[in-house]
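In what follows, a structure is listed as structure tokens, so that the remarks can point back to it.
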Amino acid sequence: SGSLYLVGTPIGNLEDITFRAVRILKECDIIAAEDTRQTRKLLTHFEITPEHLFSYHEHNKLASGPELIRYIIEGKNLALVSDAGLPAISDPGSDLVKLAIAEGIPVIPIPGANAALSALIVSGLSTERFTFAGFLPRERKDIQSVLTTLQYGQGTLLFYESPHRIIKTLGFLLETLGNRRIVLARELTKRYEEIVRGSIDECLLWLDEHSPIGEYVVVVEGASKEEEQAQRDAWWQDLSLEEHVT
Ligand code: SAM
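Structure, rendered in structure tokens:
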């Protein structure tokens, strides 16, 4: 069979593509992309003319996935790209990876830019331990249940967010986690790149004064040792209360 290449592409600045990514995209028989129009622009820029450009996205992945896998089994090499950054990070790529692994197809990473890690390294917050949480769910109760599981971890938290929801999301973070230090990394590697550091309410104020247009990574300081300890104490207390009752 052929191989499945997961090819990292820029998150804005086209100079961030790698030499290897360009070569692999030129050599593969098929390129599968989230948004073929967007990817065509990238390919044109690097003078890459694929034999076949297929779309593979959230809404066609169930039908398109097995079809792409069939081509690979027949011997074609397939490069999967996402709209930006690394495929399989907050996009349907991971489903294709699972299908490929189930068929014994080699899956090969071609590393490249990634929004979350780029934001983390400039954040100034701890990089020693961190949790990538991607996009928060849409419903209030689902958001709350995700944030509850993240609330007492000491590692830095990373979220993706769109301009339409950024203010609402910061509101949820403030409500659940308290007024922690955060970093908004907006439009990374692009012309209007901006890194805003402050408490959640300071960042909300900043958003109030600036248009929220752009793509965001929200980096949130982890729980303090004291918060984590308080949670542990409360848990033990609950446990001993229960024992008392029974
Ligand atoms: N696969 C991508 C990666 O490796 O980073 C992420 C894809 S996800 C569908 C898109 C989200 O990533 C955006 O809504 C935004 O939160 C974040 N993102 C992508 N490009 C960005 C950039 N240049 N600056 C800040 N955030 C970005």
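Just add 16 to the spot in the sequence shown (first one is 1) and you have UniProt numbering. Cβ atoms here follow ideal geometry from the backbone N, Cα and C, with glycine treated the same way.
query = At what residues does the beta strand (DSSP E) containing GLY150 begin and finish?
reply = 146 to 151
task = Could you have a look at PHE62 and say whether DSSP puts it in helix, strand or coil?
result = coil
task = Please name the residue or residues paired with SER215 in a DSSP beta bridge.
result = ARG197
ask   = Taking Cβ positions, are VAL236 and THR172 nearer each other than 8 Å?
value = yes
request  = Could you tell me if the beta carbon of ASP99 falls within a distance shorter than 7 Å of some heavy atom in the ligand SAM?
outcome  = In this structure, the ligand SAM has a non-hydrogen atom nearer than 7 Å to the beta-carbon of ASP99.
query = So, do the segment 25 to 38 and the segment 114 to 122 have three or more beta carbon pairs nearer to each other than 8 Å?
reply = In short, these stretches do not touch, since the Cβ pair count stays below three.
message = Given a cut-off of 8 Å on the beta-carbon distance, is the pair TYR21 and GLU50 in contact?
response = no
key: Other residues of its chain near LEU94: CB distance less than 8 Å, five sequence neighbours each side excluded   = GLY18, SER19, LEU20, TYR21, CYS44, ASP45, ILE46, ILE47, ALA48, LEU84, TYR87, ILE88
request  = Using only the heavy atoms of the ligand SAM, determine whether one of them is closer than 7 Å to the beta carbon of ALA201.
outcome  = yes
key: Straight-line Cα distance separating ARG202 from TYR208   = When the Cα atoms are used, TYR208 and ARG202 turn out to be separated by approximately 8 Å.
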